[in-house]
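**Student:** Dumping the structure here so I can ask a few things about it.
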Amino acid sequence: MELANEALGQQVWQSLLKAHALVLRMLERDLQEQAELPLTWFGILADLAGTPDGQLRMQALAECAQLSRSGMTRLIDRMEHAGLVRREPCEADRRGYNAIMTRQGRKQLERAVPVVCAGIRQHFAQYLDTSDLDTVEAAMTKVIAAHSDSSTESECLDDG
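Sequential numbering from 208 applies to the sequence shown in the working numbering.
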């Protein structure tokens, strides 16, 4: 990579990080105010909803959410206490556990989805035209493809 491209790459990276942090902060606020749901919980429920049976192995869910196993266990503990998920031993491997979305979790997700969609429009997409969105999507797809080596990723939502 030549020096000019390297400098531009650094600048774009910093802009991406800042935009990501700002938009996440706004989405977190919107979700808390309008759906009483933390953004991380929304992500877990969305990952579970993206599976045919509404469940994932805890290890796979941790990888989808980019959390450690212990971090995922603590998160699922809190979500289970709130009635949004439950845990059951895996039928194929009794050493592992599945996280399963409950009916209450599905209702909470249905309540939160419009908030997140509106937030993405309001805090992100409205500032970009179709060409911008196509460019960002193509660029991020290249980066994701270059680093996709986990078999678990196929279990995660394709559209984030």
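From the three backbone atoms N, C-alpha and C, an ideal C-beta is built for every residue, glycine too.
Who are P296's beta bridge partners in DSSP?
**Tutor:** Locating residue 296 in the sequence shown gives position 89, where the first residue counts as 1. According to DSSP, which records beta bridges pairwise, P296 is partnered with Y304.
**Student:** Looking at V292: is its Cβ nearer than 7 Å to the Cβ of M279?
**Tutor:** Walking along the sequence shown from the start, residue 292 turns up at place 85. Walking along the sequence shown from the start, residue 279 turns up at place 72. Against a cut-off of 7 Å, the Cβ pair of M279 and V292 comes out as no contact.
**Student:** Take R242 as the anchor and find which of C297, A319, R313, L335 has the nearest alpha-carbon.
**Tutor:** Residue 242 sits at position 35 when you count from the first residue of the sequence shown. Looking at the sequence shown, residue 242 is not Arg but Ala. Cα-wise, what sits closest to A242 is A319.
**Student:** Between which two residues does the beta strand (DSSP E) carrying L234 extend?
**Tutor:** Here residue 234 refers to the residue found at position 27 of the sequence shown. Run containing L234: none in the beta strand (DSSP E); it sits in the alpha helix (DSSP H), 210–242.
**Student:** What do you reckon, are the CB atoms on L316 and A267 nearer than 7 Å?
**Tutor:** Residue 316 sits at position 109 when you count from the first residue of the sequence shown. Residue 267 sits at position 60 when you count from the first residue of the sequence shown. Going by C-beta atoms, L316 is not nearer than 7 Å to A267.
**Student:** Can you have a look at Y304 and say buried or exposed, based on whether 16 or more other CB atoms are within 10 angstroms of its CB?
**Tutor:** Your numbering for residue 304 matches position 97 in the sequence shown. So Y304 counts as buried.
**Student:** Using a Cβ-Cβ cut-off of 6 Å (strictly less than) and excluding sequence neighbours within five positions of Q262, which residues of its own chain qualify?
**Tutor:** Start at 1 with the first residue of the sequence shown, and residue 262 comes out as number 55. Result list for Q262: N305, I307, in chain order.
**Student:** In the structure shown, what three-state DSSP assignment does R333 receive?
**Tutor:** As a working note, residue 333 is residue 126 in the sequence shown. Checking the sequence, you will find Gln at residue 333 rather than Arg. Three-state result, Q333: helix.
**Student:** Does the segment 339–350 come into contact with the segment 269–276, if we say contact requires no fewer than three beta-carbon pairs (one atom in each stretch) closer than 8 Å?
**Tutor:** Not touching, per the Cβ criterion.
**Student:** CB L244 to CB L234, shorter than 7 Å?
**Tutor:** Reading the sequence shown from its first residue, position 37 is the one you call residue 244. Reading the sequence shown from its first residue, position 27 is the one you call residue 234. No.
**Student:** Which of the three DSSP states, helix, strand or coil, is assigned to Q266?
**Tutor:** Residue 266 sits at position 59 when you count from the first residue of the sequence shown. Helix.
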